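Note sheet for the following structure.
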Amino acid sequence: MTPADLSRTVLHAVRRAVDEDALRAPVPARVRVERTRPGGSGDYACAVALQLAGPAALPALEVARILRERVAAEPGVGRVEITGPGFLSFTLDAPAESDRAVLAAVREQGLAYGHGGALGDEIHQLHHAREVRAAVTAQAVFRLLVAQGARGRTTCEQAPDPDWARLGVTVDAYGTPPTPLTEIRPVPAGATAGELLERLGPDAARWGLLRAAGHDRAALGPELLVQGEANPLFRVRYAHARARALTRGAAALGFTAEAAPYGDSPAPYDRAARPLLDLLADHPGVLLAGARHRAPDRVARQLEAVAHAFFDFHDSCPPLPAGDEKPSAAHRARLAIAEAAGTVLAGGLSLLGIRAPEHL
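Numbers 46 to 405, taken from our numbering, label the letters of the sequence shown in order.
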């Protein structure tokens with residue numbers, strides 16, 4: 046069960062409780078579940094009972110008890126606990142099954158993994174100044190919104206800079222539009238699109254403009270071009286290229302990926318793969334949060350975390366056999382995780398308008 050699956054399961058439990066007249070409250074459009082913080086209970090937690098307590102005219106603990114009995118009966122949910130003033134904490138059943146579901150979703154959806162329809166009822170107009178960072182940010186936010194089902198357009202205060210097109214930026218209209226809009230005004234870059242393109246090229250320029258939060262100054266120095274681990278953009282793209290190289294190497298050795306259990310001893314695999322698998326499972330939620338909060342920097346940070354976890358996993362559990370070693374179920378399972386990481390990295394970079402080369 047993925048976090049998105051769990052969110053739908055909890056929402057279904059709320060709807061059932063309302064239909065059965067056990068709970069008299071409006072059914073929310075969506076339910077947010079989050080990974081449990083360190084020291085917390087279970088795998089995921091949800092505050093929906095606190096959200097519904099007021100409209101239902103019931104204590105949050107009572108609402109939590111009503112929902113717990115309905116969620117606990119669902120397949121894939123091992124245990125549901127009530128903590129604090131009414132939080133629901135979920136422990137998922139059969140982690141291996143949940144992991145395989147995530148890997149299967151990545152394989153099936155490809156670069157669109159994490160896209161969805163959560164914002165399908167929303168229409169947005171993103172309005173920005175005639176400034177390169179504002180233009181690039183608006184374009185990235187627009188991509189994130191569309192990936193979550195929203196519709197809309199981008200508009201600029203004045204006629205766009207012709208060099209923006211080389212950064213992948215288009216503007217639907219300019220001037221002061223008469224309709225409601227969302228202002229996109231990050232800290233200005235302090236350089237024009239032409240200057241950034243000359244110094245950095247389109248990919249490094251876009252990463253530098255998007256990596257920092259909008260209220261922070263963008264780092265646009267020569268470090269963005271360094272071909273080494275100190276450069277996060279290089280690390281992200283190199284992790285993607287390495288994942289693709291693993292697939293080619295496995296094909297040369299005559300085997301392919303398989304999201305199967307790790308042989309007869311899952312413990313070492315689970316320890317090494319857990320951080321990466323958790324990040325892959327969290328990816329859809331990060332994309333949705335990036336869209337809702339107009340924050341493409343969240344996506345950039347997620348990609349950095351995936352790349353870091355990928356190399357940790359790759360180094361401790363190599364997906365390809367070495368020397369006279371024969372390909373095994375363990376290698377096929379490791380390769381499935383590595384390929385999923387590469388897909389997530391490519392998909393995230395695509396949403397930011399950045400190329401993901403297969404060779405570096």
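Cβ coordinates follow ideal geometry from the N, Cα and C atoms, glycine included.
On a predicted model such as this, the values are computed, not experimentally measured, just so you know.
Identify, in the order they occur along the chain, each residue of the same chain with its Cβ nearer than 6 Å to the Cβ of residue i, setting aside the five sequence neighbours on each side.
i, result
"residue 387", "285, 288 and 289"
"residue 330", "48"
"residue 124", "136"
"residue 174", "202"
"residue 213", "398"
"residue 283", "405"
"residue 394", "401"
"residue 311", "Reliability fails at residue 311, whose pLDDT of 40 lies under 50, so the model's placement of it is uncertain and the value that follows must be treated cautiously. No residues qualify anywhere along the chain."
Who are residue i's beta bridge partners in DSSP?
i, result
"residue 184", "Bridge partners of residue 184: none, in fact."
"residue 125", "135"
"residue 80", "89"
"residue 219", "201"
"residue 228", "172"
"residue 196", "168"
Given a cut-off of 7 Å, decide if residue j and residue i are closer than it, judged by their beta-carbon atoms.
i, j, result
"residue 390", "residue 348", "yes"
"residue 43", "residue 325", "Shown here, the chain extends from 46 to 405; a query on residue 43 therefore has no answer."
"residue 355", "residue 321", "yes"
"residue 185", "residue 255", "yes"
"residue 68", "residue 62", "yes"
"residue 111", "residue 251", "no"
"residue 373", "residue 317", "no"
"residue 233", "residue 152", "no"
"residue 364", "residue 376", "yes"
"residue 218", "residue 200", "yes"
"residue 335", "residue 346", "no"
"residue 229", "residue 197", "no"
"residue 392", "residue 156", "yes"
"residue 97", "residue 70", "yes"
"residue 206", "residue 258", "no"
"residue 211", "residue 242", "yes"
Using the Cβ count rule (16 or more neighbours within 10 Å means buried), how would you classify residue i?
i, result
"residue 82", "exposed"
"residue 260", "exposed"
"residue 143", "buried"
"residue 221", "exposed"
"residue 370", "exposed"
"residue 183", "buried"
"residue 54", "buried"
"residue 404", "exposed"
"residue 382", "buried"
"residue 64", "exposed"
"residue 29", "In the structure as shown, the chain begins at 46 and stops at 405. Residue 29 is therefore absent and cannot be evaluated."
"residue 309", "Only weak support is given to the placement of residue 309: the predicted model assigns it a pLDDT of 40, under 50, and the question is left unresolved by the model."
"residue 66", "exposed"
"residue 99", "exposed"
"residue 273", "exposed"
"residue 165", "exposed"
"residue 298", "exposed"
"residue 339", "buried"
"residue 281", "buried"
Under 7 Å Cβ to Cβ from residue i, same chain only, skipping five residues before and after it: list those, please.
i, result
"residue 150", "47 and 158"
"residue 163", "75, 193, 194 and 333"
"residue 313", "Confidence at residue 313 is low in this model, with a pLDDT of 43, below 50, so the placement of that residue should be treated as unreliable; the coordinate-derived value is given next. Answer for residue 313: no residue qualifies."
"residue 119", "54"
"residue 350", "324"
"residue 270", "245 and 249"
"residue 60", "72"
Within its chain, find whatever has a CB closer than 8 Å to the CB of residue i; leave out the 5 residues flanking it on each side and keep chain order.
i, result
"residue 89", "48, 51, 78, 79, 80, 81, 134, 135 and 137"
"residue 275", "268"
"residue 132", "90, 91, 92, 94, 95 and 109"
"residue 58", "112, 115, 116 and 119"
"residue 102", "69"
"residue 130", "95, 105 and 106"
Tell me, to the nearest whole angstrom, how far the beta carbon of residue i is from that of residue j; I am working on the premise that it is less than 8 Å.
i, j, result
"residue 115", "residue 127", "In fact, because the Cβ distance is near 13 Å, the residues do not count as touching under 8 Å."
"residue 92", "residue 108", "With 8 Å as the limit, residue 92 and residue 108 do not qualify as a contact, their Cβ atoms being about 11 Å apart."
"residue 265", "residue 236", "7 Å"
"residue 171", "residue 215", "Rounded, the Cβ-Cβ distance is 12 Å, inconsistent with contact."
"residue 291", "residue 249", "Contact doesn't hold; Cβ gap of about 25 Å is too wide."
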